[in-house]
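**Q** The structure follows.
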Ligand SMILES: C[S@@+](CC[C@H](N)C(=O)[O-])C[C@H]1O[C@@H](n2cnc3c(N)ncnc32)[C@H](O)[C@@H]1O
Ligand SMILES: [Zn+2]
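Numbering (the working numbering), first residue to last: 497 to 989.
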């Protein structure tokens with residue numbers, strides 16, 4: 497699709513606005529590392545970073561979060577159009593609380609856009625930690641589809657803390673999803689564990705080993721990477737600068753080798769790599785070094801300073817000196833403008849405008865309505881709706897209670913739960929007390945009717961037609977879901 501933004505652009509602003517402005521199917525790879533919601537405030541020489549979400553809070557957090565202004569709209573969007581995602585977020589709310597749900601909403605609206613702007617051959621790598629990783633996985637399954645889940649990569653690092661009452665926490669998770677089955681993947685290797693085994697030499701002088709099937713494994717091809725990445729090993733293999741030199745001082749900076757491997761595996765030279773939470777530009781630097789085009793987004797006011805100084809490859813000492821100078825805003829602007837031009841970076845503080853509304857793209861995520869709006873209809877309501885529509889009568893035997901007294905009737909299932917019947921109104925029936933006790937939880941409504949017929953318990957010539965009752969209930973349910981008012985309190989109190 498037509499790209500409506502320039503290559504190698506840094507957007508210094510909220511990524512939601514930028515993502516929403518980017519044309520569909522324009523990005524080859526998204527590799528990103530959003531805030532983790534660890535509820536830790538991280539301070540360092542490179543700035544202050546609040547990694548914390550608070551539901552419905554006002555004022556306490558720095559205004560960068562602007563949470564209150566937007567979240568009702570996000571929720572409406574998710575609830576209206578992405579049911580599975582809505583339930584994933586709701587599950588997190590039930591298990592971990594509102595703050596996690598708030599964080600997931602923040603992330604999900606962005607992930608929906610990321611999904612849209614990926615090419616059909618594109619991939620996403622999302623970096624997170626066990627604080628919320630399992631809930632993030634559910635959201636990703638809901639957005640990308642579980643068949644497009646490729647890996648949960650465990651990045652095992654050396655540093656790492658933890659309580660004395662448990663094992664030390666020493667890993668992050670990186671979720672790898674593709675947009676479709678059309679994605680590509682380049683094998684990545686690491687050094688073999690036991691080089692001594694590669695004791696045969698071929699005609700070209702290359703050392704190899706053979707497996708049971710006689711297939712050759714070459715020492716210089718290394719060993720195919722698995723999904724557990726141990727940092728030390730990678731570093732030795734790739735002979736990169738020590739991390740110490742790479743360090744900018746930012747508390748949330750990730751090692752280059754990690755992002756280099758991701759970029760090599762899931763993109764090719766000339767491809768476009770996006771990091772919407774680019775921080776100190778690790779993804780950007782890795783992409784540039786590997787001859788990929790790039791887009792970085794970060795809302796930090798000093799995002800450009802970080803990117804530029806990393807592109808310049810300044811030493812730690814030089815960075816300190818520049819940070820001192822950067823306290824003078826005139827100096828900073830001058831310096832940054834000059835270097836931005838020199839490094840051919842496009843710097844933007846306004847989002848792009850979509851130009852592809854008329855273009856034919858793959859369909860966006862379908863609107864999915866679940867057949868189970870349990871949170872909308874209580875048992876009492878379903879009973880009332882069905883009785884209003886079909887009369888005060890048992891669907892199993894035709895019994896009509898005296899004085900139309902509804903207390904004789906109960907809500908039951910048409911197909912039992914045990915054979916996959918749902919709790920939604922299109923699988924509900926109204927039964928009298930005796931029918932209700934006869935119909936075990938393995939019997940269908942049809943089965944109950946046959947039994948009643950054998951035992952001569954049917955009290956009416958014409959029972960309610962099950963097929964048309966189901967179809968009426970389904971229409972009714974869909975209308976209810978569509979009409980759900982936006983001010984409806986989605987998560988209850
Ligand atoms: C964990 S850090 C990324 C670090 C990066 N991977 C690196 O190695 O330097 C997350 C970044 O997301 C940015 N961020 C948080 N919310 C954002 C938003 N709504 N839009 C753009 N950037 C955001 C923060 O400013 C922070 O720099
Ligand atoms: Zn009955």
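Cβ atoms here follow ideal geometry from the backbone N, Cα and C, with glycine treated the same way.
Pick out whichever of 721, 688, 718 and 620 has its Cα sitting closest to the Cα of residue 670.
**A** Nearest option by C-alpha distance: 620.
**Q** Of all residues in the structure, which have a C-beta closer than 5 Å to any heavy atom of ligand 2, taken in chain order?
**A** Taking each Cβ in turn, the ones that pass are 890, 892, 893, 895, 928 and 931.
**Q** For residue 769, list the residues DSSP reports as bridge partners.
**A** In the DSSP output, where bridge partners are listed per residue, residue 769 has 525 and 790.
**Q** Are there three or more Cβ pairs, one per stretch, closer than 8 Å when the stretch 696-703 is compared with the stretch 634-651?
**A** They do not touch, by the three-pair rule.
**Q** Kindly list the residues whose CB is nearer than 6 Å to the CB of residue 893, restricted to its own chain and excluding five residues on each side of it in sequence; keep chain order.
**A** Here the set comprises 931, 948, 953, 954 and 955.
**Q** Under a three-way DSSP split, which group does residue 504 fall into?
**A** Coil at residue 504, not helix or strand.
**Q** Which partner residues does residue 614 have in the DSSP bridge list?
**A** Paired residue(s): 523.
**Q** Buried or exposed, going by whether 16 or more other CB atoms sit within 10 Å of the CB of residue 902?
**A** By the neighbour-count rule (16 or more Cβ atoms within 10 Å), residue 902 is not buried but exposed.
**Q** State yes or no: is the C-beta of residue 791 nearer than 7 Å to some heavy atom of ligand 1?
**A** No, the Cβ of residue 791 stays beyond 7 Å of every heavy atom of ligand 1.
**Q** Where does the unbroken beta strand (DSSP E) through residue 928 begin, and where does it stop?
**A** Counting along the chain, the beta strand (DSSP E) containing residue 928 begins and ends at 924-928.
**Q** Measuring only the C-alpha atoms, how far is residue 762 from residue 801?
**A** Whole-angstrom Cα-Cα distance: 28 Å.
**Q** To the nearest angstrom, how far is it from the Cα of residue 497 to the Cα of residue 662?
**A** Taking the straight line joining both Cα atoms gives about 50 Å.
**Q** For residue 631, count the other beta carbons within 10 Å of its own beta carbon; 16 or more makes it buried, fewer makes it exposed. Which is it?
**A** It counts as buried.
**Q** Could you tell me which residues DSSP pairs with residue 906 in its beta bridges?
**A** DSSP lists 927 as partners of residue 906.
**Q** Would you say residue 529 touches ligand 1, meaning its beta carbon is less than 7 Å from a heavy atom?
**A** Yes, since a heavy atom of ligand 1 falls inside the 7 Å radius drawn around the Cβ of residue 529.
**Q** In terms of residues, what are the limits of the alpha helix (DSSP H) holding residue 950?
**A** Unbroken alpha helix (DSSP H) run through residue 950: 941-950.
**Q** Would residue 910 and residue 917 be called neighbours here (beta carbons separated by less than 8 Å)?
**A** Result yes, Cβ atoms of residue 910 and residue 917 sit closer than 8 Å.
**Q** Tell me whether residue 510, by its Cβ, gets closer than 7 Å to a heavy atom of ligand 1.
**A** Yes.
**Q** With a threshold of 7 Å, establish whether the CB of residue 772 neighbours any heavy atom of ligand 1.
**A** It does: the Cβ of residue 772 is within 7 Å (strictly closer) of some heavy atom of ligand 1.
**Q** Can you tell me the Cα-Cα spacing of residue 605 and residue 636, whole angstroms?
**A** If I take the Cα positions, the gap works out to 11 Å.
**Q** Can you tell me whether residue 877 is buried or exposed? The criterion is at least 16 other CB atoms within 10 Å of its CB, across all chains shown.
**A** So residue 877 counts as exposed.
**Q** Go ahead and label residue 591 buried or exposed: buried means 16 or more other beta carbons lie within 10 angstroms of its beta carbon, across all protein chains shown.
**A** By the neighbour-count rule (16 or more Cβ atoms within 10 Å), residue 591 is not buried but exposed.
**Q** Rounded to the nearest angstrom, what separates residue 720 and residue 685 at their Cα positions?
**A** When rounded, the distance between both Cα atoms is 4 Å.
**Q** Following a CB-centred definition, is residue 800 positioned closer than 7 Å to any heavy atom of ligand 1?
**A** False, no ligand heavy atom lies under 7 Å from that Cβ.
**Q** Between the C-alpha atoms of residue 652 and residue 664, what's the straight-line distance to the nearest angstrom?
**A** About 11 Å.
**Q** Report all residues from its chain with a CB closer than 6 Å to the CB of residue 679; omit the five preceding and five following residues, and keep chain order.
**A** Counting only Cβ-Cβ distances below 6 Å, and skipping sequence neighbours, we find 617 and 619.
**Q** At a cut-off of 7 Å, is residue 776 close to ligand 1 when judged by its beta-carbon and the heavy atoms of the ligand?
**A** Answer for residue 776: yes, Cβ within range of ligand 1.
**Q** Per DSSP, residue 742 forms a beta bridge with which residues?
**A** Answer by DSSP bridge pairing: none, since residue 742 is not bridged.
**Q** For residue 973, does the three-state DSSP call read helix, strand or coil?
**A** The answer is helix: DSSP assigns residue 973 an H, G or I state.
**Q** Counting contacts by CB-CB distance shorter than 8 Å, is residue 648 in contact with chain B?
**A** Here there is only one protein chain, and chain B is not present.
**Q** Starting from residue 630 and walking both ways along the beta strand (DSSP E), at which residues does that stretch end?
**A** No beta strand (DSSP E) contains residue 630, which is instead part of the alpha helix (DSSP H) from 629-640.
**Q** Please list the terminal residues of the continuous beta strand (DSSP E) segment that includes residue 669.
**A** That run of the beta strand (DSSP E) goes 667-674.
**Q** For residue 716, count the other beta carbons within 10 Å of its own beta carbon; 16 or more makes it buried, fewer makes it exposed. Which is it?
**A** Residue 716 is exposed by the Cβ-count criterion.
**Q** Please find out if some non-hydrogen atom of ligand 1 comes closer than 7 Å to the beta-carbon of residue 750.
**A** Yes, ligand 1 has a heavy atom inside 7 Å of this Cβ.
**Q** Any heavy atom of ligand 1 closer than 7 Å to the Cβ of residue 746?
**A** Yes - ligand 1 has a heavy atom lying nearer than 7 Å to the Cβ of residue 746.
**Q** In the DSSP assignment, find the unbroken alpha helix (DSSP H) run with residue 875 in it and report its ends.
**A** 875-886 is the span of the alpha helix (DSSP H), which, as asked, contains residue 875.
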